[in-house]
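*Asks:* The structure follows.
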Amino acid sequence: MNTRKQNERLDRMSEALFGAPENIELVDAVEDLKTVGIEPEELCSRMYERLCVEAQAYRMRRENVPPLLKKALESLRPNTAPPRTQMELDRRASSTVSQILDAVKARFILPSNTLSGLTLSTAFRNKELEKSTKDQQIIDRLENELLSDLENEEKEDAD
Amino acid sequence: MANLLDEAEARELIQKLTAFALRAFAMYGMFGRGAVMPGIGKSPEDFASDVFIGYVTGKIRIKALPYLYKALLNDIRDKLGSSAQKTTDHYTVNAETDEDGERTKSLDGFSSERMPVVDCLCEESYKERIRACAAGDPHFQEMAIAVLDLEMTKPAEIAEFLGITTEEFHVRKRKFGRWLVKHGLKMVPS
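Structure representation (structure tokens):
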């Protein structure tokens, strides 16, 4: 069997056992990296540094930096690097404020399982349906008093 | 040329490429923290970085994302093949001794007596390594039997053989992928 065919067979077997490489979930990739002691953020920082060197080589040769290389550099630019434009500074500031707000808000949000355990006190629930006859008599008396006061005031005004 | 950086964020792509390089290394018996290819001296991270740089600088032209992983795997295989010629052993020269009477002098440049690196690429040794990795877990052992011995490759037929749904089989594949890297570490003497 030639090498190409053999590799194709191995690829089919690997795909059947572990799935297609392009379908690796990010969470699994991160776990794999951490298993062997690679910190994902540090990996990206090292990549950024290598891309900087590549871009510099283009500039030294007075050639245009390939657009994909520029794009990758922008994506990987670490937050610790100084902002290059006012827009970038604003965006970062806004993002930082949002993160702080989210962190503060998160401290006041009760977990859903705690809420589900809560029950409302029945002491005041459906209070209006529990009006006693005595309550109704008091309300009626106050209503009559109020009406008679109004009538008296009207008479006084007319005089 | 496809612009993969629109489909996948650069950060994510690098992490996934490096994780795949780790798995590819493990498939070829190169496990452990700081594993480097013998005779080449490159780590999985080096291979992944090279392919990523090749892509963003236009040296590697591909139509879609799967080809980038293919390019990475081919690079690892090619280098593994050429590393076979660069791996040598030291032979002690018994006749000569140094000033302290110790026989420390050696000859260099002889082909290694260990299993030739190129043999790592053959199907049988690949199967052996996967079986050894799967040995610690009955679920993965079953998968290895289905794929390596019964030569099943379609997810539906493997799932049926295992008596699980295709969704469950998908989850099991993910776990096996992670196991390969994790368990590989245990196979390396510390």
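So the sequence lines, in the order shown, correspond to chains Z and H.
Numbering-wise, the first sequence is residues 941 to 1099 according to the working numbering.
Numbering-wise, the second sequence is residues 9 to 198 according to the working numbering.
Ideal Cβ placement from N, Cα and C applies to all residues, glycine included.
Measuring CB atoms only, is the segment 31-50 of chain H touching the segment 81-89 of chain H, in the sense that at least three cross pairs come out at less than 8 Å?
*Replies:* Because the criterion of three Cβ pairs below 8 Å is met, the segment 31-50 of chain H and the segment 81-89 of chain H touch.
*Asks:* Quick one: list the residues of chain H neighbouring E965(Z), beta-carbon separation under 9 Å, in chain order.
*Replies:* In the first sequence, counting from the first residue as 1, residue 965(Z) sits at position 25. Simply K24 and R182.
*Asks:* Is the beta carbon of S1015(Z) less than 8 Å from the beta carbon of A18(H)?
*Replies:* Looking up residue 1015(Z) in the first sequence gives position 75. Looking up residue 18(H) in the second sequence gives position 10. For S1015(Z) and A18(H), yes; Cβs fall inside 8 Å.
*Asks:* Using 8 Å as the Cβ pair cut-off and three pairs as the minimum, do the segment 1086-1093 of chain Z and the segment 982-999 of chain Z touch?
*Replies:* The answer is no - the segment 982-999 of chain Z does not touch the segment 1086-1093 of chain Z, with fewer than three Cβ pairs under 8 Å.
*Asks:* Helix, strand or coil for G40(H)? Go by DSSP, reduced to three states.
*Replies:* By 1-based counting over the second sequence, the position of residue 40(H) is 32. G40(H): coil per DSSP, three-state reduction.
*Asks:* Alpha carbon to alpha carbon, how far is G89(H) from D97(H)? Give it in angstroms, no decimals.
*Replies:* Taking the first residue of the second sequence as 1, we reach residue 97(H) at position 89. Taking the first residue of the second sequence as 1, we reach residue 89(H) at position 81. Because D97(H) carries a pLDDT of 49, less than 50, the predicted location of this residue cannot be relied on, and the following value inherits that uncertainty. For D97(H) and G89(H), the distance between alpha carbons rounds to 18 Å.
*Asks:* Using a 10 Å radius around the Cβ and a threshold of 16 neighbouring Cβ atoms, would you call G959(Z) buried or exposed?
*Replies:* Taking the first sequence and counting its residues from 1, one reaches residue 959(Z) at position 19. It is buried - the Cβ of G959(Z) has at least 16 other Cβ atoms within 10 Å.
*Asks:* So, at 7 Å on beta carbons, what are the nonlocal neighbours of G144(H) in its own chain, with the 5 sequence-adjacent residues on each side left out?
*Replies:* On the second sequence, residue 144(H) is found 136 positions in, with the first residue counted as 1. Counting only Cβ-Cβ distances below 7 Å, and skipping sequence neighbours, we find H191.
*Asks:* Please confirm if E989(Z) has its CB atom under 8 Å from at least one CB of chain H.
*Replies:* Your numbering for residue 989(Z) matches position 49 in the first sequence. No, its Cβ sits nowhere closer than 8 Å to a Cβ of chain H.
*Asks:* Determine, for R69(H), whether the minimum Cβ-Cβ distance to residues of chain Z falls below 8 Å.
*Replies:* Position 61 of the second sequence, counted from the first residue, corresponds to residue 69(H). Closer than 8 Å: no.
*Asks:* Relative to the C-alpha of N942(Z), which candidate in P74(H), L158(H) and L129(H) has its C-alpha closest?
*Replies:* Here residue 942(Z) corresponds to residue number 2 of the first sequence, with the count starting at 1. The shortest C-alpha separation from N942(Z) is found at L129(H).
*Asks:* Near E1096(Z), which residues of its chain fall below 8 Å by C-beta distance, leaving aside the five closest residues on each side in sequence?
*Replies:* Counting from 1 along the first sequence, the entry for residue 1096(Z) is found at position 156. Answer for E1096(Z): no residue qualifies.
*Asks:* L973(Z) and P980(Z) look like a contact to me (Cβ under 8 Å); what is the Cβ gap, rounded to whole Å?
*Replies:* The residue labelled residue 973(Z) in the question sits at position 33 within the first sequence. The residue labelled residue 980(Z) in the question sits at position 40 within the first sequence. Yes, they are in contact, since the Cβ atoms of L973(Z) and P980(Z) sit about 5 Å apart, within 8 Å.
*Asks:* Does the contact criterion of 3 or more C-beta pairs under 8 Å hold for the segment 993-1004 of chain Z versus the segment 49-58 of chain H?
*Replies:* Because the criterion of three Cβ pairs below 8 Å is not met, the segment 993-1004 of chain Z and the segment 49-58 of chain H do not touch.
*Asks:* Taking only beta-carbon positions, decide if K1011(Z) is within less than 8 Å of chain H.
*Replies:* Here residue 1011(Z) refers to the residue found at position 71 when the first sequence is read from its first residue. For K1011(Z), the answer is yes, since a Cβ of chain H falls inside 8 Å of its Cβ.
*Asks:* Between which two residues does the alpha helix (DSSP H) holding T943(Z) run?
*Replies:* As a first step, residue 943(Z) is located in the first sequence; it is residue number 3 there, counting from the start. Note, T943(Z): alpha helix (DSSP H), T943 to F958.
*Asks:* Would you call the CB atoms of A1008(Z) and L13(H) closer than 8 Å?
*Replies:* Counted from its first residue, the first sequence places residue 1008(Z) at position 68. Counted from its first residue, the second sequence places residue 13(H) at position 5. Note on identity: in this sequence residue 1008(Z) is Leu, with Ala being the wrong assignment. Yes; because the gap between Cβ atoms is below 8 Å, this pair is in contact.
*Asks:* What span of residues does the alpha helix (DSSP H) with I138(H) cover, start to end?
*Replies:* As a position in the second sequence, residue 138(H) is number 130, starting the count at 1. Taken as a continuous stretch (DSSP letters only), the alpha helix (DSSP H) holding I138(H) covers E131 to A142.
*Asks:* What does the Cβ neighbour count give for S1072(Z), buried or exposed, with the cut at 16 atoms within 10 Å?
*Replies:* The count along the first sequence starts at 1 and reaches residue 1072(Z) at position 132. So S1072(Z) counts as exposed.
*Asks:* Would you grab the beta carbon distance between F184(H) and F148(H) for me? Rounded to a whole angstrom, and I think it's under 8 Å.
*Replies:* Position 176 of the second sequence, counted from the start, is the residue given in the question as residue 184(H). Position 140 of the second sequence, counted from the start, is the residue given in the question as residue 148(H). With 8 Å as the limit, F184(H) and F148(H) qualify as a contact, their Cβ atoms being about 5 Å apart.
*Asks:* What three-state label does DSSP hand K24(H) in the structure shown?
*Replies:* Taking the first residue of the second sequence as 1, we reach residue 24(H) at position 16. Of the three classes helix, strand and coil, the one that applies to K24(H) here is helix, per DSSP.
*Asks:* Taking L957(Z) and M151(H) to be in contact with their CB atoms under 8 Å, please state how far apart those CB atoms are, rounded to whole angstroms.
*Replies:* In the first sequence, counting from the first residue as 1, residue 957(Z) sits at position 17. In the second sequence, counting from the first residue as 1, residue 151(H) sits at position 143. At roughly 6 Å, the Cβ-Cβ gap stays under 8 Å, so L957(Z) and M151(H) are in contact.
*Asks:* Taking just the CA atoms, how far does T174(H) sit from M160(H)?
*Replies:* As a position in the second sequence, residue 160(H) is number 152, starting the count at 1. As a position in the second sequence, residue 174(H) is number 166, starting the count at 1. Approximately 14 Å, taken between the alpha carbons.
*Asks:* Can you give me the start and stop residues for the alpha helix (DSSP H) that G62(H) sits inside?
*Replies:* Here residue 62(H) refers to the residue found at position 54 of the second sequence. P52 to V64 is the extent of the alpha helix (DSSP H) around G62(H).
*Asks:* From E1091(Z) to A1098(Z), what distance separates their C-alpha atoms?
*Replies:* For the purposes of this step, residue 1091(Z) is taken as the residue at position 151 of the first sequence. For the purposes of this step, residue 1098(Z) is taken as the residue at position 158 of the first sequence. Rounded to the nearest angstrom, the two C-alpha atoms are 11 Å apart.
*Asks:* Looking at chain Z, which residues of the segment 129-151 of chain H have a Cβ within less than 9 Å of any of its Cβ atoms?
*Replies:* Answer in chain order: L129, C130, E131, Y134, K135, I138, A142, F148 and M151.
*Asks:* Rounded to a whole number of angstroms, what is the C-alpha to C-alpha distance between A103(H) and S91(H)?
*Replies:* In the second sequence, residue 103(H) corresponds to position 95, counting from 1. In the second sequence, residue 91(H) corresponds to position 83, counting from 1. Because the pLDDT at A103(H) is just 48, under 50, the model does not fix this residue reliably, and the value given afterwards should be weighed accordingly. Going by the C-alpha atoms only, they are around 31 Å apart.
*Asks:* Distance cutoff 8 Å, beta carbons only. Does L1041(Z) sit that close to anything in chain H?
*Replies:* In the first sequence, counting from the first residue as 1, residue 1041(Z) sits at position 101. With 8 Å as the cut-off, L1041(Z) does not count as an interface residue toward chain H.
*Asks:* Looking at C-alpha atoms only, which residue of N11(H), L25(H), A56(H) and S133(H) is the closest neighbour of L156(H)?
*Replies:* Start at 1 with the first residue of the second sequence, and residue 156(H) comes out as number 148. Of the listed residues, the one whose Cα sits closest to L156(H) is S133(H).
*Asks:* Can we count T161(H) as close to the ligand PLP, meaning its CB is less than 7 Å from some heavy atom?
*Replies:* What this structure holds is no ligand at all, so the ligand PLP is not there to describe.
*Asks:* What do you reckon, are the CB atoms on L76(H) and V189(H) nearer than 8 Å?
*Replies:* Within the second sequence, the letter at position 68 stands for residue 76(H). Within the second sequence, the letter at position 181 stands for residue 189(H). No. Outside cutoff.
*Asks:* Taking the alpha-carbon of A27(H) as reference, which of L1013(Z), R952(Z), V976(Z) and D1080(Z) has the nearest alpha-carbon?
*Replies:* Start at 1 with the first residue of the second sequence, and residue 27(H) comes out as number 19. If we check each option's Cα against that of A27(H), V976(Z) comes out closest.
*Asks:* To the nearest angstrom, report how far apart C139(H) and K162(H) are at their CA atoms.
*Replies:* In the second sequence, residue 139(H) corresponds to position 131, counting from 1. In the second sequence, residue 162(H) corresponds to position 154, counting from 1. Inspection of the sequence shows that residue 139(H) is occupied by Arg rather than by Cys. If you take the alpha carbons of R139(H) and K162(H), they lie about 19 Å apart.
*Asks:* Note down, in chain order, each residue of its chain lying with its Cβ closer than 8 Å to the Cβ of Y998(Z), except the 5 sequence neighbours on either side.
*Replies:* Within the first sequence, the letter at position 58 stands for residue 998(Z). Once the five neighbours on either side are set aside, the close Cβ partners of Y998(Z) are N1004, V1005, P1006 and L1009.
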